[in-house]
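Just below is one structure, and these are the notes that go with it.
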Amino acid sequence: MSTSEIPELRAAGEAHGRNIPPASLSRLTIYLRALNSLLAEGTERVSSDELADAAGVNSPILRKDLSYLGSYGTRGVGYDVHYLNGQISTALGLTKDWRVAILGAGNLGRALAGYSGFQSRGFEVVALFDADQMVVGTEVGWLRVSPIRELATVLARTRANMAVLAVPAGVAQLLCDELVNAGVTSILSFAPVVLQVPEHVQLRKVDMATELQILAYHAQRAQEPDLESDARARSAQ
2 MSTSEIPELR AAGEAHGRNI PPASLSRLTI YLRALNSLLA EGTERVSSDE LADAAGVNSP
62 ILRKDLSYLG SYGTRGVGYD VHYLNGQIST ALGLTKDWRV AILGAGNLGR ALAGYSGFQS
122 RGFEVVALFD ADQMVVGTEV GWLRVSPIRE LATVLARTRA NMAVLAVPAG VAQLLCDELV
182 NAGVTSILSF APVVLQVPEH VQLRKVDMAT ELQILAYHAQ RAQEPDLESD ARARSAQ
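Per our numbering: the sequence shown = residues 2 to 238.
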């Protein structure tokens, strides 16, 4: 039987060609994590309310997000956990072979290279690079740190198709350019600088300092009512 004869699979297949809004895309990764936990517990079906609660969203948002995959569940029955897990994994491209190279073998790069969660989510770290000759040749887990001058050669040998930049701002653009020239079109950057890439390259930036600043803003706002109350109390004395 072909997928065109199965309404659920046909709808999901058609949906994978659509552009999923960024906010929904981010939430799909959260739903996938929740579904993986349910699978580990042996749960076969889950209601939209239960899955939404596990993901920290409300049911209408969850149903809207899943509608981009052509998945609406079955009224009164809920979602097949294994099937929905497969739908989301396919939509996110996690059924493909993702081989990751990490540039920068400092504290952050080594921590990322040793993170076991990558493998369990479909990402295999296959190469680790650094420019420091005191670091080149050392080992992190089963990986041996390669010299950055051999970037193109090692990327080709390991068939890396995704890269992480864990390097200082001053060299980030140069190394980003070298990755693009080597054919890598998916890059995650931890460098505290804005990078320029061609339109066909997908670049994601993680700025932990910015996230902490946002947290500081919200923490300050949360304290403001108490500060105002204290000010009013002092003025009343």
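Note that the Cβ used here is the ideal one computed from N, Cα and C, for glycine as well.
Beta-bridge partners of I62, as assigned by DSSP: Bridge partners of I62: none, in fact.
Which of helix, strand or coil DSSP assigns to E125: strand
Completely contained alpha helix (DSSP H) runs for the stretch 131-216, where each covers 4 or more residues: 152-159, 170-182
Any 3 or more C-beta pairs closer than 8 Å across the stretch 29-46 and the stretch 84-91: A contact exists between the stretch 29-46 and the stretch 84-91.
Bounding residues of the beta strand (DSSP E) (the contiguous stretch that carries L104): 99-104
CB of T159 within 8 Å of CB of R100, strictly: Against a cut-off of 8 Å, the Cβ pair of R100 and T159 comes out as a contact.
Opposing strand residues paired with D81 [DSSP bridges]: R46
As assigned by DSSP and simplified to three states, the class of S117: Residue state for S117 is assigned as coil, using DSSP reduced to three classes.
Proximity of A210 and A192 at Cβ, strictly below 8 Å: Going by C-beta atoms, A210 is not nearer than 8 Å to A192.
Euclidean distance between Cα positions of M135 and L52: 49 Å
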